Amino acid sequence: MLQITVVVVVVVVVVVVVVVVVVTVVVVVIVIVVVVIVLVVVAVEPVVVVAVVIIGVVVVVVVVVVVVVNVL
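Under full-length UniProt numbering, the residues of the sequence shown are numbered 1 to 72, in order.
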């Protein structure tokens with residue numbers, strides 16, 4: 001019984017750590033994308049800004065989908 005309990009605890013801890021790391025990475029990526037978009041908005045023309053925003057949104061959506069699929 002003790003061995004089973006230990007295994008369950010270890011698995012739960014690993015899952016929690018992985019989820020926390022993944023969420024942190026996603027947040028960092030989103031922040032980086034937002035910062036890049038803001039810098040581009042300040043620096044460049046509207047057409048480029050729109051393109052970067054679209055690319056940024058696509059990247060964030062893809063990352064979130066991949067993370068959700070992996071967690072499930």
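Ideal Cβ placement from N, Cα and C applies to all residues, glycine included. Nothing here was measured: the structure is a model prediction, and the numbers come from that model.
Can you tell me which of the three DSSP states valine 60 falls into? helix
How many angstroms separate the CA atom of methionine 59 from the CA atom of methionine 1? Before going on, a small fix: residue 59 reads as valine here, not methionine. Taking the straight line from one Cα to the other gives about 45 Å.
Rounded C-beta distance between valine 71 and valine 22? I'm assuming under 8 Å. 7 Å
Three-state secondary structure assigned by DSSP to valine 23: helix
Just checking my contact of valine 36 with valine 52 at CB under 8 Å: how many whole Å lie between their CB atoms? 7 Å
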